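Asker:
Residue numbers (my numbering): 29 to 712.
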């Protein structure tokens with residue numbers, strides 16, 4: 029392959045050895061690979077050509093070797109196996125049920141998607157940047173490997189297949205066993221193609237352009253038995269590429285023309301004997317057009333919402349569907365389903381409806397979010413409206429997320445929004461009763477009647493160290509009766525979480541404080557609860573928002589508030605709190621439940637914890653609370669299979685906490701006794 033496409037292999041032999049580390053490494057006449065994967069071997073052998081024979085400066089122009097060998101690997105794999113770039117038939121035979129049925133993309137499409145995600149962020153950097161000057165490792169990887177290889181695909185598209193192959197051979201013949209660079213490669217391209225290519229190399233190597241061509245108008249008329257179709261095209265971004273225009277007629281014929289794409293607008297004229305049916309720009313997705321929905325008629329693709337599905341077609345608006353249901357004591361069985369729509373990370377829409385079999389209530393939710401590009405690349409707008417289990421809510425907000433790096437912290441996130449909520453008259457009370465303790469018949473109506481119009485602000489920051497991690501969250505709610513609210517209060521909170529060392533063991537700390545400022549008491553749903561999350565936070569979880577959704581006997585604990593786990597059976601709440609939670613975790617691998625179940629539960633951690641809180645309370649005779657106990661954590665990444673439809677994803681956490689001591693037990697209850705709670709997320 030390499031001898032045919034570039035030049036004869038010049039060395040006397042080649043050794044392919046098994047490497048002990050992941051990935052591969054290359055040297056002249058020797059490559060070491062962690063597996064027998066065909067594409068990996070070809071990539072590393074390609075390096076014998078691209079730096080071994082055509083010797084570029086790796087740290088200065090990494091794309092000339094990493095980009096070239098990534099490109100030639102994909103070129104070979106697609107030549108051998110077709111568009112999938114792999115032995116698709118064998119892959120499907122080895123795949124499980126979910127992987128066979130879930131829609132997927134080709135290797136080229138996945139590479140293109142990752143490049144465009146990076147290019148459309150505010151972290152895009154030019155390919156030509158010296159390696160050590162990239163802002164982060166991801167920027168180096170995307171530019172050297174992904175963007176570098178796609179640049180060569182686009183060069184092949186610009187000059188044509190046969191000319192490009194002549195360029196490859198001339199490049200080898202002229203520069204084998206010599207030092208190469210951008211200028212020398214460009215000169216070969218221009219000499220062989222007979223074209224001036226400064227515009228191409230300058231924009232793709234030294235700039236951070238993106239491409240967006242749009243179909244503006246299609247005019248068609250019939251004259252003397254022939255159809256004349258005039259296609260108007262707009263260039264909507266700085267990137268310039270020749271763009272193909274495909275016309276399909278009602279007889280099934282396809283015609284292809286190319287517009288140079290250099291101007292802000294242009295026209296292409298077709299003459300056909302059959303009536304035109306469809307016009308499409310860039311039909312082969314060759315120019316890295318960042319937004320293909322404007323390349324032709326709107327195309328919808330409807331698929332089942334399979335678990336762990338990252339499928340996002342670039343030429344269609346994706347709609348996914350899934351049935352859903354749950355149970356509570358009011359509706360009994362709730363049956364319904366949801367639709368989701370998206371185009372990449374934009375135009376995200378959601379629509380769901382559920383029917384309560386016993387209550388005869390129909391609930392529904394609609395949400396929509398989209399980047400607000402005029403305000404910046406990191407700002408999204410979102411809005412939603414729902415009637416859900418006795419409550420009505422409208423929310424709209426702007427969200428910013430950004431930082432120095434795209435792939436890792438530190439990052440700042442900020443939200444500002446407005447929320448309207450109310451309990452539906454004559455319906456909501458039935459849903460909002462929460463049972464705390466079945467033995468003592470301790471219940472509480474957790475949502476008060478009245479309109480709450482809330483202007484809210486949220487902030488989140490996750491600094492990091494070499495061997496420690498942390499997260500800071502803060503928020504402010506402003507509810508004024510001047511805004512037709514039935515309440516008047518301000519609520520502020522802050523939470524700091526810190527863990528050392530990283531991963532899933534070590535020291536974990538949580539500090540939380542909150543205060544409600546009001547001349548009158550705020551509604552119960554927005555007060556601070558001692559044992560965990562308040563009713564408004566629980567409302568966001570479908571399995572916790574209503575009475576009976578999860579039986580009280582299970583002792584489910586949702587972290588939040590004071591997080592003093594031992595008081596799970598006491599409805600203690602107030603308008604001010606300072607809390608500290610401490611956990612010490614140690615990971616081990618016991619044989620607890622048998623080989624199969626232990627494998628499913630995954631990594632096990634033993635936890636010792638202490639919870640402390642001081643609160644200005646309502647309904648309690650004590651302002652200081654403490655608890656301590658032991659716990660178990662089970663964490664696993666499940667195989668990518670059908671049952672993840674019921675686990676909410678592949679990452680599964682099961683938490684069992686045993687708060688065996690509390691300082692202020694209920695009457696006739698010992699301070700030290702067996703207590704337990706469980707959850708599907710860490711308490712800190």
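Ideal Cβ placement from N, Cα and C applies to all residues, glycine included. From a predicted model like this one, the values you see are computed outputs, not experimental measurements.
1) Identify whether residue 179 lies in helix, strand or coil by the three-state DSSP scheme.
2) Take residue 357 and list the residues in its own chain whose beta-carbon comes closer than 7 Å to its own, dropping the five residues that flank it on each side.
3) Is the stretch 537 to 553 touching the stretch 604 to 618 in the sense that three or more CB pairs, one from each, lie closer than 8 Å?
4) How far does the beta strand (DSSP E) with residue 689 in it extend, from its first residue to its last?
5) Decide if residue 417 is buried, meaning its Cβ has at least 16 other Cβ atoms within 10 Å, or exposed.
6) Taking the C-alpha atoms as reference points, what is the distance between residue 529 and residue 683?
7) Give the straight-line distance between the Cα atoms of residue 343 and residue 306, rounded to the nearest whole angstrom.
8) Is the number of C-beta pairs between the stretch 689 to 709 and the stretch 663 to 674 that are closer than 8 Å three or more?
9) Please classify residue 45 as buried or exposed, where buried requires at least 16 other C-beta atoms within 10 Å of its C-beta.
10) Name the residue from 267, 273, 311 whose alpha carbon lies nearest to the alpha carbon of residue 292.
11) If you run the structure through DSSP and keep just helix, strand and coil, what is residue 546?
12) Can you tell me whether residue 37 sits near the ligand SAH, meaning its C-beta is under 7 Å from at least one heavy atom of the ligand?
13) Are the Cβ atoms of residue 174 and residue 142 separated by less than 8 Å?
14) Just confirm the distance between the C-beta atoms of residue 162 and residue 171, as a whole number of angstroms; I'd bet it's less than 8 Å.
15) Tell whether a beta-carbon distance below 8 Å holds between residue 353 and residue 346.
16) At which residues does the alpha helix (DSSP H) containing residue 73 begin and terminate?
17) Tell me the DSSP secondary structure of residue 193 in three-state form.
18) Any idea what DSSP makes of residue 171, helix, strand or coil?
19) Could you tell me which uninterrupted alpha helix (DSSP H) segments, each at least 4 residues in length, are contained entirely in the stretch 587 to 672, listed from first to last along the chain?
20) Shortest alpha-carbon distance to residue 340 belongs to which of 309, 639, 288, 368?
21) Compare the C-alpha of residue 201 against each of 503, 37, 55 and name the closest.
22) Do you know offhand how far residue 435's Cα is from residue 429's?
23) Considering only the beta carbon of each residue, do residue 390 and residue 396 sit closer than 8 Å?
24) Decide if the stretch 580 to 595 is in contact with the stretch 684 to 692; the criterion is three or more beta carbon pairs, one per stretch, under 8 Å apart.
25) Among the residues of its own chain, which have a CB less than 6 Å from the CB of residue 442, if the five just before and after it don't count?
26) Excluding the five sequence neighbours on either side, which residues of its own chain have a C-beta within less than 7 Å of the C-beta of residue 550, listed in chain order?
27) Using the Cβ count rule (16 or more neighbours within 10 Å means buried), how would you classify residue 563?
28) Under DSSP, the alpha helix (DSSP H) around residue 94 begins and ends at which residues?
29) With DSSP run on the structure shown, which of helix, strand or coil describes residue 378?
30) Does the Cβ-Cβ distance between residue 113 and residue 106 come in under 8 Å?
31) Can you check whether the CB of residue 461 is closer than 8 Å to the CB of residue 471?
32) Residues in the same chain with beta-carbon distance under 7 Å from residue 277, minus the five sequence neighbours each way, listed in chain order, please.
33) Rounding to the nearest angstrom, what Cα-Cα distance links residue 721 and residue 70 in this structure?
34) If we count Cβ pairs, one from each stretch, closer than 8 Å, do we get three or more for the stretch 394 to 408 versus the stretch 373 to 382?
35) Pop quiz: residue 716 and residue 81 are said to be a contact at Cβ under 8 Å. What is the actual Cβ separation, rounded to whole angstroms?
36) Assuming residue 449 is part of the beta strand (DSSP E), what are its boundary residues?
Answerer: Considering the structure as presented:
1) helix
2) 575, 576
3) yes
4) 679 to 690
5) Its Cβ being crowded by 16 or more others within 10 Å, residue 417 is buried.
6) Going by the C-alpha atoms only, they are around 20 Å apart.
7) Answer to the nearest angstrom: the Cα atoms are 14 Å apart.
8) no
9) With a 10 Å radius around the Cβ and a threshold of 16 neighbouring Cβ atoms, residue 45 comes out exposed.
10) 267
11) Looking at residue 546 - three-state DSSP - the assignment turns out to be coil, as it is neither helix nor strand.
12) Looking at this structure, you won't find the ligand SAH or any other ligand, since it has none at all.
13) Contact flag set, yes.
14) 7 Å
15) no
16) 66 to 77
17) helix
18) helix
19) 623 to 629
20) It is 368 whose Cα lies nearest to the Cα of residue 340.
21) 37
22) 12 Å
23) no
24) yes
25) 428, 487
26) 515, 517, 519, 544, 603
27) buried
28) 94 to 109
29) strand
30) The answer is yes: Cβ separation under 8 Å.
31) yes
32) 300, 302, 303, 304, 305
33) Within the shown structure, residues of the chain are numbered from 29 to 712, placing residue 721 beyond reach of any answer.
34) yes
35) Given a span of 29 to 712 for the chain in the structure shown, any question on residue 716 remains unanswerable.
36) 439 to 451
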